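K.L.:
This is the structure, below, for whatever I ask next.
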Amino acid sequence: MTASVSSNVPLTPPQGSPMSFSGRPGEFLKMLISGSLYQIPTFGFYRFWLITKLRRHLWANTRIEGESFEYTGTAKELLIGFLIALAILVPLYIAYFVATLTLDGLAAFASIPLILLMYVLLHFGSYRARKYRATRTVFRGVRFWMKGSGWAYAFRAVLWDLVTLFTLGLALPWAMASLERYRMRHTYFGSIQGDFTGTGGSLFKRAWWVWALGIGMFIGSFFLSAALLHAAGSKEEMAAQFVPTLLILVPLALSPLAMAIFTRWQIDGLRFGEATAVSRLRAGAFYGLFFKMMFSSIGILIVFAVIIGLAALFLSSIAQEAFIALQLGEITWTAISLIVFGALVYLALFLSMGVIQRYFYGRGLWAAIITTTTVSNLHSVSTAAATGRPAGTVGEGLADALDFNVGI
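Residues in the sequence shown are numbered from 286 upward in steps of one, following this note's numbering.
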């Protein structure tokens, strides 16, 4: 009797393994500030060591079932990749400069081939950078790795960009699904191949109203601007600035929401064999980080404005004397000191903004995504055999040289 009752009890489905992040905010912020300061005397080259330290911190504090990931990349690799990328890009810039000098009237068109080439290289570099980072990521002694061609990926991405452009962004969900499927099907965890089951249709169902809202707000802004221009009279210039302002504010307001929808859709579609992932990420996490970053940036700007104002108040007479001396062709130590002071203030402001961006949209976003992700059937990847080789660093170097390597 007992056996028959127990046999009718429904089996409890296996629970997933929630991921966790144990990194302390203060430790990460300390690395950011010290690393940013070290970039000043090293003319920015310390950033390769800083990026490596930040990645090791994030990977090492990302855990699942008590086991953490490991990042095995080195600063030397990033530096070499950057130098190789410069060896590729510098001749292109020189050729462009020579073309602008020799083509005279056609100088304006000389930049078109360069822009198109850089555009293709951005897609190529993004794929190769992902390939590099995958092969430097290790879990349970087994590395991730990728195959596939960066040029083939770039060709696909360019075609999808054209389709997206001609459909006013309507094809974007299908473009994202196709490109992510290509990336994941060429990604492996040891001997286990990855996959991506998300579809353009499922993403469109989640985010169609964001697209419709954005298009509607753009159209509405043009009609409202036209009405303002008609009624502005002498204030025509003020009214004419309304559309450009909305063209900036509308995407800015919608971007956290769009990022949240896309990130959750992307995580839900990830597969490695029988292992799957589910995300509970909410748009509120993105908006929270977005506003923290915005208010922190405003606070930094206010601080620097006060510093500059006080400096101008106390150094105005000295600066005026130095300016007069420069007009007379005399270079004094006072003028040099003021120029150095101005350059340091600008550099400090630039680095401070970088610290804020990396802290909130680097560490903050990483922690938010990790702590809302659950992996099911993790035991299935225990059969993965170690295979794959580390990828080259050219893609990472290109992404850095083209200023595409935003974040960590």
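Beta carbons are placed, not taken as given, at the ideal position from N, Cα and C, and that holds for glycine.
No experiment lies behind these values; they were computed from the predicted model shown.
Here's a check: name, in chain order, each residue in its chain whose Cβ is nearer than 6 Å to the Cβ of alanine 439, leaving out the five neighbours to either side.
P.N.:
In the sequence shown, residue 439 corresponds to position 154, counting from 1. Cβ neighbours of alanine 439 beyond the five flanking positions: Val405, His408, Phe409.
K.L.:
Give the straight-line distance between the Cα atoms of isoleucine 541 and glutamate 362, rounded to the nearest whole angstrom.
P.N.:
Here residue 541 refers to the residue found at position 256 when the sequence shown is read from its first residue. Here residue 362 refers to the residue found at position 77 when the sequence shown is read from its first residue. According to the sequence displayed, residue 541 carries proline and not isoleucine. Those two C-alpha atoms are separated by around 33 Å.
K.L.:
Could you round the C-beta distance between serine 302 and threonine 659 to whole angstroms and report it? I think they count as a contact, below 8 Å.
P.N.:
For this step, residue 302 is matched to residue 17 along the sequence shown. For this step, residue 659 is matched to residue 374 along the sequence shown. Sure, about 7 Å apart at Cβ, within 8 Å.
K.L.:
Could I get the ranges of all uninterrupted alpha helix (DSSP H) runs contained in the region 452-498, with 4 residues as the minimum, in chain order?
P.N.:
Correct list: 457-470.
K.L.:
Provide the residue(s) that pair with glutamate 352 in DSSP beta bridges, ordered along the chain.
P.N.:
The residue given as residue 352 occupies position 67 in the sequence shown. Partner(s): Ile349.
K.L.:
Shortest alpha-carbon distance to histidine 471 belongs to which of Arg413, Leu447, Leu455?
P.N.:
Residue numbering aside, residue 471 sits at position 186 when the sequence shown is read from its first letter. Among Arg413, Leu447, Leu455, the Cα nearest to that of histidine 471 belongs to Arg413.
K.L.:
So which of Ala676, Ala633, Gly673 has the shortest CA-CA distance to phenylalanine 328?
P.N.:
Within the sequence shown, numbered from 1, the residue matching residue 328 stands at position 43. Answer by Cα proximity: Ala633.
K.L.:
Less than 6 Å between C-beta atoms, sequence neighbours within five positions excluded: which residues of the same chain meet that for phenylalanine 333?
P.N.:
Counting from one through the sequence shown, the residue named residue 333 turns up at place 48. Within the same chain, phenylalanine 333 has close Cβ partners Ala360, Leu363, Leu364.
K.L.:
For tyrosine 473 and phenylalanine 429, which I take to be in contact (beta-carbon distance under 8 Å), what is that distance rounded to the nearest angstrom?
P.N.:
Start at 1 with the first residue of the sequence shown, and residue 473 comes out as number 188. Start at 1 with the first residue of the sequence shown, and residue 429 comes out as number 144. Going by Cβ atoms, the distance from tyrosine 473 to phenylalanine 429 rounds to 7 Å, so yes, they are a contact pair.
K.L.:
When you compare the CB positions of glutamine 324 and leucine 636, do they come within less than 8 Å of one another, or not?
P.N.:
Counting from 1 along the sequence shown, the entry for residue 324 is found at position 39. Counting from 1 along the sequence shown, the entry for residue 636 is found at position 351. Going by C-beta atoms, glutamine 324 is nearer than 8 Å to leucine 636.
K.L.:
For tyrosine 381, which residues in the same chain have their Cβ closer than 6 Å to its Cβ, ignoring the five residues on either side in sequence?
P.N.:
Reading the sequence shown from its first residue, position 96 is the one you call residue 381. For tyrosine 381, where only same-chain residues beyond five positions count, the Cβ hits under 6 Å are Leu399.
K.L.:
Would you give the residue range spanned by the beta strand (DSSP E) that proline 303 belongs to?
P.N.:
Counting from 1 along the sequence shown, the entry for residue 303 is found at position 18. Segment 302-306, the beta strand (DSSP E) holding proline 303.
K.L.:
Evaluate proline 536 with the Cβ neighbour count: other Cβ atoms within 10 Å of its Cβ, from every protein chain shown; 16 or more gives buried, anything less gives exposed.
P.N.:
Within the sequence shown, numbered from 1, the residue matching residue 536 stands at position 251. It counts as exposed.
K.L.:
Excluding the 5 residues flanking glycine 454 on each side, which residues of the same chain have their C-beta closer than 7 Å to its C-beta?
P.N.:
Numbered from 1 along the sequence shown, position 169 holds the residue referred to as residue 454. Once the five neighbours on either side are set aside, the close Cβ partners of glycine 454 are Trp496.
K.L.:
Is the CB of leucine 598 under 8 Å away from at least one CB in chain C?
P.N.:
Considering every chain present, this structure includes no chain C. It has just one protein chain.
K.L.:
Is alanine 671 helix, strand or coil when you go by DSSP?
P.N.:
Here residue 671 corresponds to residue number 386 of the sequence shown, with the count starting at 1. DSSP places alanine 671 in coil when its eight states are reduced to three.
K.L.:
Helix, strand or coil for arginine 425? Go by DSSP, reduced to three states.
P.N.:
By 1-based counting over the sequence shown, the position of residue 425 is 140. Three-state result, arginine 425: coil.
K.L.:
Give me whichever residues DSSP pairs with arginine 556 in a beta bridge.
P.N.:
Numbered from 1 along the sequence shown, position 271 holds the residue referred to as residue 556. Bridge partners of arginine 556: Asp480, Thr561.
K.L.:
Could you pull out every residue in the same chain whose Cβ sits closer than 8 Å to the Cβ of arginine 674, ignoring the five residues on either side in sequence?
P.N.:
As a position in the sequence shown, residue 674 is number 389, starting the count at 1. The residues are Thr420, Trp430.
K.L.:
Quick check on this structure: which residue in Asp446, Met469, Gly558 has the alpha carbon closest to the alpha carbon of glycine 433?
P.N.:
The residue you call residue 433 lines up with position 148 of the sequence shown. Taking only the C-alpha atoms, the option nearest glycine 433 is Met469.
K.L.:
How big is the Cα-Cα spacing for tyrosine 417 and valine 591?
P.N.:
As a first step, residue 417 is located in the sequence shown; it is residue number 132 there, counting from the start. As a first step, residue 591 is located in the sequence shown; it is residue number 306 there, counting from the start. So the alpha carbons of these two residues sit roughly 43 Å apart.
K.L.:
According to the Cβ coordinates, are alanine 670 and glycine 475 closer than 8 Å?
P.N.:
As a position in the sequence shown, residue 670 is number 385, starting the count at 1. As a position in the sequence shown, residue 475 is number 190, starting the count at 1. Yes, they are a contact pair.
K.L.:
Taking DSSP as the reference, what is the three-state secondary structure of threonine 659?
P.N.:
As a working mapping, residue 659 is identified with position 374 in the sequence shown. Looking at threonine 659 - three-state DSSP - the assignment turns out to be strand.
K.L.:
Our contact map puts leucine 539 next to glycine 483 with C-beta atoms below 8 Å; I'd like the distance itself, whole angstroms only.
P.N.:
Along the sequence shown, read from residue 1 onward, the residue named residue 539 stands at position 254. Along the sequence shown, read from residue 1 onward, the residue named residue 483 stands at position 198. Not really, about 21 Å apart at Cβ, beyond 8 Å.
K.L.:
Return the bridge partner residues of tryptophan 430 from the DSSP annotation.
P.N.:
On the sequence shown, residue 430 is found 145 positions in, with the first residue counted as 1. DSSP lists Tyr473 as partners of tryptophan 430.
K.L.:
Grab the span of the alpha helix (DSSP H) containing glycine 311 for me, first residue to last.
P.N.:
Taking the sequence shown and counting its residues from 1, one reaches residue 311 at position 26. Where glycine 311 is concerned, the enclosing alpha helix (DSSP H) stretches over 310-324.
K.L.:
Tell me which residue opens and which closes the alpha helix (DSSP H) that threonine 387 is part of.
P.N.:
Residue numbering aside, residue 387 sits at position 102 when the sequence shown is read from its first letter. Per DSSP, threonine 387 belongs to the alpha helix (DSSP H) from 360-387.
K.L.:
On a Cα-Cα basis, can you pick out the residue from Ala442, Val383, Ala570 that is closest to serine 411?
P.N.:
Working through the sequence shown from its first residue, we reach residue 411 at position 126. If we check each option's Cα against that of serine 411, Ala442 comes out closest.
K.L.:
Is DSSP giving glycine 594 helix, strand or coil here?
P.N.:
Taking the first residue of the sequence shown as position 1, residue 594 is located at position 309. Three-state result, glycine 594: helix.
K.L.:
Anyone know if the C-beta pair for phenylalanine 481 and glycine 554 falls short of 8 Å?
P.N.:
Locating residue 481 in the sequence shown gives position 196, where the first residue counts as 1. Locating residue 554 in the sequence shown gives position 269, where the first residue counts as 1. In this structure, glycine 554 lies closer than 8 Å to phenylalanine 481 by Cβ.
K.L.:
Report the option in Pro458, Arg309, Ile624 whose CA atom is closest to the CA atom of methionine 544.
P.N.:
If you number the sequence shown from 1, residue 544 lands on position 259. Among Pro458, Arg309, Ile624, the Cα nearest to that of methionine 544 belongs to Pro458.
K.L.:
For isoleucine 593, tell me which candidate among Leu663, Arg491, Phe626, Gly479 has the shortest Cα-Cα distance.
P.N.:
Counting from one through the sequence shown, the residue named residue 593 turns up at place 308. Comparing Cα positions, the closest option is Phe626.
K.L.:
Go through its chain and collect everything with a Cβ distance to leucine 650's Cβ below 7 Å, but skip five positions before and after it.
P.N.:
By one-based count along the sequence shown, residue 650 stands at place 365. The answer, listed in chain order, is Leu574.
K.L.:
Indicate the three-state DSSP secondary structure (helix, strand or coil) for phenylalanine 328 in the structure shown.
P.N.:
To locate residue 328, count along the sequence shown from 1; it is residue 43. Coil, per DSSP.
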